[in-house]
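Visitor: Protein sequences appear in the order of chains F and Y.
Counting in our numbering, the first sequence runs from 292 upward without gaps.
Counting in our numbering, the second sequence runs from 100 upward without gaps.
Backbone N, C-alpha and C define an ideal beta-carbon position, used for all residues, glycine too.
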Amino acid sequence: AQKVTQAQTEISVVEKEDVTLDCVYETRDTTYYLFWYKQPPSGELVFLIRRNSFDEQNEISGRYSWNFQKSTSSFNFTITASQVVDSAVYFCALRLNRDDKIIFGKGTRLHILP
Amino acid sequence: GAVVSQHPSRVICKSGTSVKIECRSLDFQATTMFWYRQFPKQSLMLMATSNEGSKATYEQGVEKDKFLINHASLTLSTLTVTSAHPEDSSFYICSAIRAGTGGWNEQFFGPGTRLTVL
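#1: I'd like the list of long-range same chain contacts for Phe190(Y), defined as Cβ closer than 6 angstroms, with 5 residues on each side in sequence excluded.
#2: Taking only three categories from DSSP, how would you classify Thr363(F)?
#3: So, are the CB atoms of Ile340(F) and Trp357(F) less than 8 angstroms apart?
#4: For a contact defined as C-beta to C-beta under 7 angstroms, what are the partners of Phe395(F) on chain Y?
#5: Along chain F, in chain order, which residues have C-beta atoms closer than 8 angstroms to that of Ile196(Y)?
#6: For Leu385(F), decide whether its Cβ has a neighbour in chain Y, counting only Cβ atoms nearer than 8 angstroms.
#7: What is the rounded straight-line gap between the Cα of Glu335(F) and the Cα of Phe208(Y)?
#8: Among Gly160(Y), Tyr135(Y), Asp126(Y), Gln141(Y), which residue has its Cα nearest to the Cα of Thr148(Y)?
#9: Counting beta carbon pairs with one atom in the stretch 120 to 135 of chain Y and one in the stretch 379 to 389 of chain F, are three or more of them shorter than 8 angstroms?
#10: Restricting to Cα atoms, I'd like to know which of Cys383(F), Asp346(F), Gln297(F) is closest to Ser362(F).
#11: If you drop the 5 nearest sequence neighbours on each side, which residues of the same chain put their C-beta closer than 7 angstroms to that of Thr116(Y)?
#12: Look at the alpha carbon of Glu306(F) and the alpha carbon of Glu121(Y), and state the distance between them as a whole number of angstroms.
#13: Return the residues of the stretch 317 to 350 of chain F that lie within a Cβ-Cβ distance of less than 7 angstroms from chain Y, sorted by chain order.
#14: Anything in the stretch 355 to 372 of chain F with a Cβ closer than 7 angstroms to a Cβ of chain Y? List those residues in chain order, please.
#15: Which residues does DSSP list as the beta-bridge partners of Asn358(F)?
#16: Is the CB of Gly398(F) under 8 angstroms away from at least one CB in chain Y?
#17: Compute the Euclidean distance between the alpha carbons of Phe359(F) and Ser114(Y), then round it to the nearest angstrom.
#18: Identify, in the order they occur along the chain, each residue of the same chain with its Cβ nearer than 6 angstroms to the Cβ of Ile394(F), setting aside the five sequence neighbours on each side.
#19: Does any residue of chain F bring its CB to less than 8 angstroms from the CB of Gly211(Y)?
#20: Just to confirm before moving on: does the CB-CB distance between Leu173(Y) and Glu151(Y) stay below 8 angstroms?
#21: Report the partner residues of Met144(Y) according to the DSSP bridge assignment.
#22: Give me the Cα-Cα distance between Ala372(F) and Gln297(F), rounded to the nearest whole angstrom.
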């Protein structure tokens, strides 16, 4: 069975601190995709990144970076120099290549305190 | 990027009434759409897969007679919550699949519909 675990339910950090959101996934499939989405209070999901299972390169986009390690089945997300606008719920998600269903983790609610 | 809309964005109804939520892909054709439900402070749970021109496929535990899905065209899927009750109050999100090249099908999410049943 497929599963995504985000062990951190809620995190609070002071603005400008770095913060890492953890994500661990489970699947026996060899081809899959991993995602991170941001959900601000409005509710609309904002796509942040997609990674396929064959690409373990880490990615950096501005203050955001992602660390994908197949050996530990983890796909962690780091925000550097956090800002109040980063406050949101962040979801890690898994999608198998054999169908288009997305399995979401339970989400991490991130509070950036001014 | 592609746009998926939902209507209405917010609806309040009385217990026992039926509510229809529309999901439209505005600039592409979507043979497949998905419906998710999100209770407050919880994750998105897939309810059903909606395929154009065929019956929807429901996830385990989702009542198909309660949540009627119709995917009548390549740009429109509707979710009808029949005889809604307060426990059906939730945030309903749809997504639409745009077929791509190289085997990758992009999925785009709608902005969600907040249903409150009094």
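Guide: This is what the structure gives:
#1: Locating residue 190(Y) in the second sequence gives position 91, counting from the first residue. The residues are Gln137, Gly211, Arg213.
#2: Numbered from 1 along the first sequence, position 72 holds the residue referred to as residue 363(F). Three-state DSSP puts Thr363(F) in a helix.
#3: Here residue 340(F) corresponds to residue number 49 of the first sequence, with the count starting at 1. Here residue 357(F) corresponds to residue number 66 of the first sequence, with the count starting at 1. Note that the C-beta distance between Ile340(F) and Trp357(F) is below 8 angstroms.
#4: Your numbering for residue 395(F) matches position 104 in the first sequence. Near Phe395(F) (Cβ distances below 7 angstroms), the residues of chain Y are Ser142, Leu143.
#5: In the second sequence, counting from the first residue as 1, residue 196(Y) sits at position 97. Listed by position along chain F, the residues whose Cβ is nearer than 8 angstroms to that of Ile196(Y) are Asp391.
#6: Taking the first residue of the first sequence as 1, we reach residue 385(F) at position 94. No, Leu385(F) does not count as interfacial toward chain Y.
#7: By one-based count along the first sequence, residue 335(F) stands at place 44. By one-based count along the second sequence, residue 208(Y) stands at place 109. Distance between the alpha carbons of Glu335(F) and Phe208(Y) is about 8 angstroms.
#8: Numbered from its first residue, the second sequence carries residue 148(Y) at position 49. Thr148(Y) has its Cα closest to that of Tyr135(Y), out of Gly160(Y), Tyr135(Y), Asp126(Y), Gln141(Y).
#9: Counting Cβ pairs under 8 angstroms, fewer than three are found: no touch.
#10: As a working mapping, residue 362(F) is identified with position 71 in the first sequence. The candidate whose alpha carbon is nearest that of Ser362(F) is Asp346(F).
#11: The residue given as residue 116(Y) occupies position 17 in the second sequence. Apart from sequence neighbours up to five positions away, the residues of its chain that approach Thr116(Y) with a beta-carbon distance below 7 angstroms are Ala183, ordered along the chain.
#12: Stepping through the first sequence from its first residue, residue 306(F) is reached at position 15. Stepping through the second sequence from its first residue, residue 121(Y) is reached at position 22. Cα to Cα, Glu306(F) sits roughly 39 angstroms from Glu121(Y).
#13: Of all residues in the stretch 317 to 350 of chain F, only Gly334, Glu335, Leu336 place a beta-carbon less than 7 angstroms from a beta-carbon of chain Y.
#14: Residues of the stretch 355 to 372 of chain F with a C-beta less than 7 angstroms from any C-beta of chain Y: none at all.
#15: Stepping through the first sequence from its first residue, residue 358(F) is reached at position 67. As computed with DSSP, Asn358(F) is found in a beta bridge with Asn367(F).
#16: For the purposes of this step, residue 398(F) is taken as residue 107 along the first sequence, with counting starting at 1. Chain Y contact via Cβ: present.
#17: If you number the first sequence from 1, residue 359(F) lands on position 68. If you number the second sequence from 1, residue 114(Y) lands on position 15. Taking the straight line joining both Cα atoms gives about 46 angstroms.
#18: For this step, residue 394(F) is matched to residue 103 along the first sequence. Answer for Ile394(F): Gln293, Val295, Leu385, listed in chain order.
#19: Indexing the second sequence from 1 puts residue 211(Y) at position 112. At least one chain F Cβ lies under 8 angstroms of Gly211(Y).
#20: Taking the first residue of the second sequence as 1, we reach residue 173(Y) at position 74. Taking the first residue of the second sequence as 1, we reach residue 151(Y) at position 52. Leu173(Y) is a Cβ neighbour of Glu151(Y), given a cutoff of 8 angstroms.
#21: Taking the first residue of the second sequence as position 1, residue 144(Y) is located at position 45. Here Met144(Y) is bridged, per DSSP, to Arg136(Y).
#22: Locating residue 372(F) in the first sequence gives position 81, where the first residue counts as 1. Locating residue 297(F) in the first sequence gives position 6, where the first residue counts as 1. In this structure, the alpha-carbon of Ala372(F) lies about 22 angstroms from that of Gln297(F).
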